[in-house]
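There are 2 protein chains.
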Amino acid sequence: MSKRRLGPRLSPGEMEILEMLWRVGPVTLSKAQAGLARKVGYTTIQTRLNRLVDKKLVARSSERPAHYTALVEPEEVSAGHLQMLVERISGGSVVPLVAHLVRDWKLSPEEIAELKQLIADAERQSKSSSNPRRPS
Amino acid sequence: MSKRRLGPRLSPGEMEILEMLWRVGPVTLSKAQAGLARKVGYTTIQTRLNRLVDKKLVARSSERPAHYTALVEPEEVSAGHLQMLVERISGGSVVPLVAHLVRDWKLSPEEIAELKQLIADAERQSKSSSNPRRPS
DNA sequence: GCGATTCTACGACATACGTCGTAAATTGCA
DNA sequence: TGCAATTTACGACGTATGTCGTAGAATCGC
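Taken in order, these protein sequences are the chains called S and D. Mapping of the first sequence onto our numbering: residues 1 to 136, in sequence order. Mapping of the second sequence onto our numbering: residues 137 to 272, in sequence order.
What follows is the structure, encoded as structure tokens:
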């Protein structure tokens, strides 16, 4: 259970901040400013972070130099994006999406071996367990 | 070659419109309004579509009932999203992402067969061709 | 204890966006 | 041709967002 439902999709600006928080972890304003790829004013990051706090997407600690922490997990957001991608690219099936991935990225022999293992596991799964698992 | 680079990432609102256009193809305002899942006023969709035209994300034909067409392809946008997902979930490798896909979605035996084929092809590719291919 | 440095709270602005209402321009008929 | 339905052009409004500047509160180092 758990995992709050994301109501509205996140905007590019919100993603920019959240990705930074996921990457560098809980941070103070100055660390946050430094963590952002782009340069923005100190109070800019302050305002944006506080607005995310208002939206409950980020938490702010009460310690003295306050620390900001993402309240949404990257997995949670990624799952939603993946869902959309599967529908858009694949029309519901994961195959076309995987096809894109293996065609557009170069894979090392190790990765190929891992992928084979993954598929094999999935196959075993689908045979034994009669219990499906999937979103949407 | 080709494929225009998307400067700023698309907002949820822009995605909503573009996804509709990708789904139903070139449309007039009334079709566009009908095509949207949500109900919004006729002039609302008009304004939003025209703003997308200003941004060169959508084209408007000059015929009488004007037709609006997406100027960005779903593949183009999806590729960008996939890129981000790979970095976020997988830290650069496609394997964790594929792992998510095969674990969270139920696969039919046919799909499993297709995936195996895909991997096999990728393997052959990597062996023969010394010419890698990949974004980023 | 006190000046310098760091944090914070706010408020201000411009631009972006979502939503429409009005009203004029076109078009499709009867 | 004349009227009704359809399309368009605009402009208006409220909220959201990105960017800061100021100034006061806290904290630190001496």
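A virtual CB, placed ideally from N, CA and C, is assigned to each residue, including glycine.
key: Pairwise C-alpha distance: residue 95(S) and residue 245(D)   = Numbered from its first residue, the second sequence carries residue 245(D) at position 109. Numbered from its first residue, the first sequence carries residue 95(S) at position 95. Residue 245(D) and residue 95(S): Cα-Cα distance of roughly 12 angstroms.
Residue environment, residue 173(D), which counts as buried when at least 16 other CB atoms sit within 10 Å = As a first step, residue 173(D) must be located in the second sequence, where it is residue number 37. Under this definition residue 173(D) is an exposed residue.
query = Alpha carbon to alpha carbon, how far is residue 52(S) from residue 14(S)?
reply = Numbered from its first residue, the first sequence carries residue 52(S) at position 52. Numbered from its first residue, the first sequence carries residue 14(S) at position 14. If I take the Cα positions, the gap works out to 8 angstroms.
ask   = Does the beta carbon of residue 12(S) sit closer than 8 angstroms to a beta carbon anywhere in chain D?
value = In the first sequence, residue 12(S) corresponds to position 12, counting from 1. Yes, residue 12(S) lies at the interface with chain D (some Cβ there is under 8 angstroms from its Cβ).
message = Please identify the residue among 192(D), 236(D), 195(D) and 158(D) whose C-alpha is closest to the C-alpha of residue 89(S).
response = Position 89 of the first sequence, counted from the first residue, corresponds to residue 89(S). For residue 89(S), the nearest C-alpha among the options comes from 158(D).
request  = Give the single residue among 242(D), 228(D), 251(D) and 237(D) whose Cα lies nearest to the Cα of residue 99(S).
outcome  = Indexing the first sequence from 1 puts residue 99(S) at position 99. For the residues 242(D), 228(D), 251(D) and 237(D), the minimum Cα distance to residue 99(S) belongs to 251(D).
query = Ends of the alpha helix (DSSP H) at residue 160(D)?
reply = Position 24 of the second sequence, counting from 1, holds the residue named residue 160(D). 148 to 160 is the extent of the alpha helix (DSSP H) around residue 160(D).
inquiry  = When you compare the CB of residue 153(D) with every CB in chain S, is at least one pair closer than 8 angstroms?
reply    = Within the second sequence, numbered from 1, the residue matching residue 153(D) stands at position 17. Taking Cβ atoms only, chain S never reaches closer than 8 angstroms to residue 153(D), which makes this a no.
message = Does the beta-carbon of residue 65(S), which I'm using as the reference point, lie nearer than 7 angstroms to any heavy atom of the ligand SAH?
response = Judged by which ligands are present, the structure shown has none, so any question about the ligand SAH falls away.
query = Should residue 258(D) be flagged as near chain S, meaning a C-beta pair shorter than 8 angstroms?
reply = By 1-based counting over the second sequence, the position of residue 258(D) is 122. Yes - at least one Cβ of chain S is within 8 angstroms of the one on residue 258(D).
task = Give the interface partners of residue 231(D) over in chain S, defined as CB-CB distance under 7 angstroms, in chain order.
result = As a working mapping, residue 231(D) is identified with position 95 in the second sequence. Correct list: 111, 114 and 115.
key: Residues of its chain near residue 152(D), where Cβ-Cβ distance is below 6 angstroms and the 5 sequence neighbours each way are ignored   = Translated into positions along the second sequence, residue 152(D) becomes position 16. So the list is empty, once near-sequence residues are dropped.
query = Considering only residues of the same chain and omitting the five flanking positions on each side of residue 228(D), which have a CB-CB separation below 7 angstroms?
reply = On the second sequence, position 92 is the one that residue 228(D) refers to. Correct list, in chain order: 222.
inquiry  = For a test of the three-state rule: what should DSSP assign to residue 72(S), helix, strand or coil?
reply    = Against the first sequence, residue 72(S) aligns to sequence position 72. Three-state DSSP puts residue 72(S) in coil, outside helix and strand.
query = Can you list, in chain order, the residues of its chain whose CB lies under 6 angstroms from that of residue 132(S), leaving out five sequence neighbours each side?
reply = Within the first sequence, the letter at position 132 stands for residue 132(S). Interpretation of residue 132(S) is limited by its pLDDT of 49, a score under 50 that renders its predicted location unreliable; the figure taken from the coordinates is listed afterwards. None.
task = Would you mind telling me which residues of chain D sit closer than 7 angstroms to residue 99(S), beta carbon to beta carbon, in chain order?
result = In the first sequence, residue 99(S) corresponds to position 99, counting from 1. In chain order: 254.
message = Within a Cβ cutoff of 6 angstroms, which residues of the same chain sit near residue 24(S), ignoring the five residues on either side of it in sequence?
response = By one-based count along the first sequence, residue 24(S) stands at place 24. So the qualifying residues of the chain are 35.
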